[in-house]
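S.K.: The opening residue of the sequence shown carries number 0 in numbering that gives the first Met the number 0; numbering runs sequentially from there.
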Amino acid sequence: MADLHFGDDQPTDAERAAVDAVLAPADAATVAETERLVRGGRSRRHGLRHLLLPVLHSLQHEIGWISPGGLNCAAERLGVPPAEAYGVATFYELLRTTDLGHRDDVVHVCVDPSCALAGNDDLRASLEASGARVHASPCLGQCERAPALFIQGVGRPDRVPADDEEDFRLPQAGDTGLRVLRRVGEVDPTSLDSYRQHGGYRALAQAVDMGPEAVIDAVSESGLSGRGGAAFPTGIKWRAVAQEPGPDKHVVANCDESEPGTFKDRIVCERDPFALIESMTIAGLATGSPHGWIYIRGEYPRATARLKGAIAQARAAGLLGDDVAGSGLRFDIEVRRGAGAYICGEETALFNSIEGFRGEPRNKPPFPTTHGLFSQPTAINNPETLINVLDIVTDGPEAYRSVGTERSPGTRLFCLSGRVAVPGLYEVPFGTTLGELLALAGGPVGALAAVLLGGAAGVFVGSDALDMPLTLEDAREAGATLGSGVVTAFDDTVDMQAVVVRIAEFFRDESCGQCVPCRVGTQRQHEVLVELQSSGQPLAPQRAELIDDMALAMVDASICGLGHTAASAVRSALALGLIGNSP
């Protein structure tokens, strides 16, 4: 089969240096000997391919784009076919394979709902007037301080200038009921000593004394479920991985929160990174997994730096490595930075991305607990899920279940943005009503028209849902979802038609294109909504039927959750009468 080649394009010295910054000189899938090439074989190639995305990041960062010569250099060093390397490079929002003729920083400005409500158009206009190179971006995970921007540097660190380190404060600061967030804003996130002074690493010591089976029993008895959206029981997942034979297993923290309206992982990783490192270590020891991976959004430079710093300090203190905390067990963590792809929040797409392939979901079964990262048993969890394990280990499952409800025990993080008085990250017990949660944020601003629960993949609910308890069971009964904890409020001055069109555009752009139902369905859904918006007329019955038919096809036949939920918000907006009625 023919492969794509870039002819005789050669890398510049700067591009070679960018590749060398990631790869040691000995890291090559092919080794030259005089006129001959001695190939390292499939195992050597596969052993290096997972470095493809870091190499592409390095080229993008240092050069400003990924040229044919730079891509040739990366492909040759890693033993990756050029066509496949090109396919990966063109998959991500933050990587460019076209030379735009200048090397200025790129300012990404969010265009999703919370930032649109906060005046992102005015921000974009002012930046463009100042000569900045502006890129319209999907959600940047900064919804509590909208309108958001992220500066992608060329030859300098990426940064988020709106984040004032000195002014950060949780809206619930001082609340004694906080669990996951109790250290946020109190602990120095750059200091292992500070973390230990706030109770850090007591849970790991206790977990070592308890042993793997007792830790998994405690997690199972607690009823802890996933906080990334799927709500799968954590204990069942960990036990399945622990029961798999063989030494090569993995624990993965999925920090690629790209759901519009979500920013909880960013705040936790920036402000309490050691908690994630400690909880991942417990997961590794409990499941018998020596390898840990953190996959984090490319738009989170501060969180990435904090996590890398925490890993280095933990390793130096003997809390990671070949003998974790004197246990005789091995566990260490690598950080992988995403490059702007919503689909990589799907667990199997994330695995492919780490492995150096396009971030496209895999068919299930097999499931990650048997065939996950590198086709090996893998426990993958959201940071919020993992950090809950610390209290379960130190205080016991009964104490964990002392708040919340029988079927939804514990607390939950919610990301509030949009038309609320105090946007921010809130932690409340499961069972708190939607109205009570909004009241914590100072209440709605203006006359509440709707609330989007669960983000773009969620559903709209009306003001009559304020008495709904925020539990997994109550949301399910109401035909809603808590998803990843998004709560975006809209008042009656908001153009809901524009909001829904943007949600449809988001899914059209973020579909990986691998399966026809999602690739075509998201495109056609967006076209119908644009047509409705431009016509100014009510939605005709046959067009409403078309939306339902497309939604059914995507739910039934799409490979992953993106297609399954791409029409959820649209259909709920129609059902509530937020769109589609006479003007």
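Here a beta-carbon is modelled for each residue, glycine too, at the ideal position from N, C-alpha and C. Just so it is clear, the structure is predicted and the values come from calculations on it, not from any experiment.
#1: If you run the structure through DSSP and keep just helix, strand and coil, what is Thr487?
#2: Please tell me whether Arg418 and Val444 are closer than 7 Å, where the distance is taken between their beta carbons.
#3: Straight-line CA distance for Ile62 to Gly560?
#4: Please report the straight-line C-alpha distance between Arg270 and Arg357, rounded to a whole angstrom.
#5: Quick one: is Glu509 buried, meaning 16 or more other Cβ sit within 10 Å of its Cβ, or exposed?
#6: If you draw a straight line from the alpha carbon of Arg44 to that of Val79, how long is it in whole angstroms?
#7: Examine the Cβ distances between the stretch 280–290 and the stretch 237–251 and report whether three or more of them are shorter than 8 Å.
#8: Could you tell me the distance, in whole angstroms, from the CA atom of Gly198 to the CA atom of Ile379?
#9: If you reduce the DSSP assignment to three classes, tell me which class His563 lands in.
#10: Can you look up Glu426 in the DSSP assignment and give me helix, strand or coil?
#11: Checking the sheet assignment: what are the DSSP bridge partners for Cys109?
#12: State the Cα-Cα distance for the pair Asp547 and Gln536, rounded to the nearest angstrom.
#13: If we ignore side chains and look at the alpha-carbon of each, how far apart do Gln141 and Thr261 end up?
#14: Could you tell me whether the Cβ atoms of Pro396 and Ser221 are closer together than 7 Å?
#15: Extract the residue ranges of the alpha helix (DSSP H) inside the stretch 341–400, only unbroken runs of 4 or more that lie entirely within it.
#16: With a threshold of 16 other CB atoms inside 10 Å of the CB of Thr459, please say whether the residue is buried or exposed.
#17: So if DSSP puts Arg335 in a beta bridge, which residue, or which two residues, is it bridged to?
#18: Could you give the first and the last residue of the continuous beta strand (DSSP E) run that contains Gln151?
#19: By Cβ distance, which residues of its chain are closer than 8 Å to Val499, with the 5 residues on each side in sequence left out?
#20: If I measure Cβ to Cβ from Arg15 and keep anything under 7 Å in the same chain, skipping five residues before and after, which residues do I get?
#21: Using the C-alpha atoms, what's the distance from Ser66 back to Gly46?
#22: Tell me which residues share the same chain as Gly297 and place their Cβ nearer than 6 Å to its Cβ, disregarding the 5 neighbours each side in the sequence.
#23: What do you get for Ser42, buried or exposed, if any count of 16 or more other CB atoms within 10 angstroms of its CB means buried?
#24: Quick one: Cα of Pro289 to Cα of Ala315, how far?
#25: When burial is assigned at 16 or more other CB atoms within 10 Å of the CB, is Asp103 buried or exposed?
#26: CB-CB under 6 Å to Pro146, same chain, minus the five flanking residues each way: which ones, in chain order?
#27: Quick one, are the C-beta atoms of Ser416 and Glu83 less than 7 Å apart?
#28: To the nearest whole angstrom, what separates the beta carbons of Gln196 and Val392, a pair I think is in contact under 8 Å?
#29: Using only the alpha-carbon positions, how far apart do Val179 and Asp187 sit?
#30: Assign Ala440 to buried or exposed, taking buried as 16 or more other Cβ atoms, counted over all protein chains shown, within 10 Å of its Cβ.
#31: Below 8 Å on the Cβ atoms is my contact criterion, and I expect Leu148 with Val87 to pass it. Report the Cβ-Cβ distance as a whole number of Å.
#32: Do you know offhand how far Arg523's Cα is from Ser557's?
#33: Using three-state DSSP, classify Asn253 as helix, strand or coil.
#34: Given that a residue counts as buried once 16 or more other Cβ atoms are within 10 Å of its Cβ, and exposed if not, what is Leu70?
#35: Are the beta-carbon atoms of Thr521 and Ala565 separated by less than 7 Å?
#36: Entirely within the stretch 186–223 and at least 4 residues each: give me those alpha helix (DSSP H) ranges in chain order.
M.R.: So, to answer that:
#1: Sequence index remark: in the sequence shown, residue 487 carries index 488 (1-based). In the structure shown, Thr487 falls within a strand segment according to DSSP collapsed to helix, strand and coil.
#2: The count along the sequence shown starts at 1 and reaches residue 418 at position 419. The count along the sequence shown starts at 1 and reaches residue 444 at position 445. Yes; because the gap between Cβ atoms is below 7 Å, this pair is in contact.
#3: Here residue 62 refers to the residue found at position 63 of the sequence shown. Here residue 560 refers to the residue found at position 561 of the sequence shown. Approximately 35 Å, taken between the alpha carbons.
#4: Within the sequence shown, the letter at position 271 stands for residue 270. Within the sequence shown, the letter at position 358 stands for residue 357. Going by the C-alpha atoms only, they are around 31 Å apart.
#5: Here residue 509 refers to the residue found at position 510 when the sequence shown is read from its first residue. Answer is buried; the Cβ neighbour count reaches 16.
#6: Walking along the sequence shown from the start, residue 44 turns up at place 45. Walking along the sequence shown from the start, residue 79 turns up at place 80. With a pLDDT of 47 at Arg44, under the threshold of 50, the modelled position of that residue is not reliable, and the figure given next carries that caveat. The alpha-carbon atoms of Arg44 and Val79 are separated by roughly 7 Å.
#7: yes
#8: Position 199 of the sequence shown holds residue 198. Position 380 of the sequence shown holds residue 379. Distance between the alpha carbons of Gly198 and Ile379 is about 25 Å.
#9: Stepping through the sequence shown from its first residue, residue 563 is reached at position 564. His563 falls in the helix class under three-state DSSP.
#10: For the purposes of this step, residue 426 is identified with residue 427 of the sequence shown, where counting begins at 1. Of the three classes helix, strand and coil, the one that applies to Glu426 here is strand, per DSSP.
#11: Sequence index remark: in the sequence shown, residue 109 carries index 110 (1-based). In DSSP, Cys109 forms a bridge with Ser136.
#12: By 1-based counting over the sequence shown, the position of residue 547 is 548. By 1-based counting over the sequence shown, the position of residue 536 is 537. Going by the C-alpha atoms only, they are around 19 Å apart.
#13: For the purposes of this step, residue 141 is taken as residue 142 along the sequence shown, with counting starting at 1. For the purposes of this step, residue 261 is taken as residue 262 along the sequence shown, with counting starting at 1. The alpha-carbon atoms of Gln141 and Thr261 are separated by roughly 8 Å.
#14: In the sequence shown, counting from the first residue as 1, residue 396 sits at position 397. In the sequence shown, counting from the first residue as 1, residue 221 sits at position 222. Yes.
#15: 346–354, 382–394, 396–399
#16: As a working note, residue 459 is residue 460 in the sequence shown. Going by the sequence as given, residue 459 is Phe instead of Thr. With 16 or more Cβ atoms within 10 Å of its Cβ, Phe459 is classed as buried.
#17: If you number the sequence shown from 1, residue 335 lands on position 336. According to DSSP, which records beta bridges pairwise, Arg335 is partnered with Tyr294.
#18: Here residue 151 refers to the residue found at position 152 of the sequence shown. Here the beta strand (DSSP E) through Gln151 covers 148–151.
#19: Reading the sequence shown from its first residue, position 500 is the one you call residue 499. Same-chain partners within the cutoff: Leu528, Ala568, Val569, Ala572, Leu577, Ile578.
#20: As a working note, residue 15 is residue 16 in the sequence shown. Once the five neighbours on either side are set aside, the close Cβ partners of Arg15 are Cys72.
#21: Position 47 of the sequence shown, counting from 1, holds the residue named residue 46. Position 67 of the sequence shown, counting from 1, holds the residue named residue 66. Computed Cα separation, rounded: 24 Å.
#22: Taking the first residue of the sequence shown as position 1, residue 297 is located at position 298. So the qualifying residues of the chain are Leu93, Arg336, Gly337, Ala338, Gly339.
#23: Taking the sequence shown and counting its residues from 1, the one referred to as residue 42 is at position 43. Low confidence applies to Ser42: its pLDDT is 47, below 50, so where it sits in the model is not reliable, and the reading given next is rough at best. So Ser42 ends up on the exposed side.
#24: The sequence position of residue 289 within the sequence shown is 290, counting from 1. The sequence position of residue 315 within the sequence shown is 316, counting from 1. Roughly 17 Å separates the two Cα atoms.
#25: If you number the sequence shown from 1, residue 103 lands on position 104. Classification for Asp103: exposed.
#26: Numbered from 1 along the sequence shown, position 147 holds the residue referred to as residue 146. The residues are Cys114, Ala117, Gly118, Asn119, Leu122.
#27: Locating residue 416 in the sequence shown gives position 417, where the first residue counts as 1. Locating residue 83 in the sequence shown gives position 84, where the first residue counts as 1. For Ser416 and Glu83, no; Cβs fall outside 7 Å.
#28: Mapped onto the sequence shown, residue 196 falls at position 197. Mapped onto the sequence shown, residue 392 falls at position 393. That pair is no contact at about 19 Å.
#29: One-based indexing of the sequence shown puts residue 179 at position 180. One-based indexing of the sequence shown puts residue 187 at position 188. Those two C-alpha atoms are separated by around 16 Å.
#30: Working through the sequence shown from its first residue, we reach residue 440 at position 441. Counting Cβ neighbours within 10 Å, Ala440 comes out buried, since at least 16 surround it.
#31: The residue given as residue 148 occupies position 149 in the sequence shown. The residue given as residue 87 occupies position 88 in the sequence shown. Rounded, the Cβ-Cβ distance is 26 Å, inconsistent with contact.
#32: Walking along the sequence shown from the start, residue 523 turns up at place 524. Walking along the sequence shown from the start, residue 557 turns up at place 558. Answer to the nearest angstrom: the Cα atoms are 15 Å apart.
#33: For the purposes of this step, residue 253 is taken as residue 254 along the sequence shown, with counting starting at 1. Three-state DSSP puts Asn253 in a strand.
#34: What you label residue 70 is simply residue 71 of the sequence shown in a count that begins at 1. Buried is the call here.
#35: For the purposes of this step, residue 521 is identified with residue 522 of the sequence shown, where counting begins at 1. For the purposes of this step, residue 565 is identified with residue 566 of the sequence shown, where counting begins at 1. Yes, Cβ-Cβ distance for Thr521 and Ala565 is below 7 Å.
#36: Assignment of alpha helix (DSSP H) within the stretch 186–223, counting only whole runs of 4 or more residues, yields 191–196, 201–209, 211–221 in chain order.
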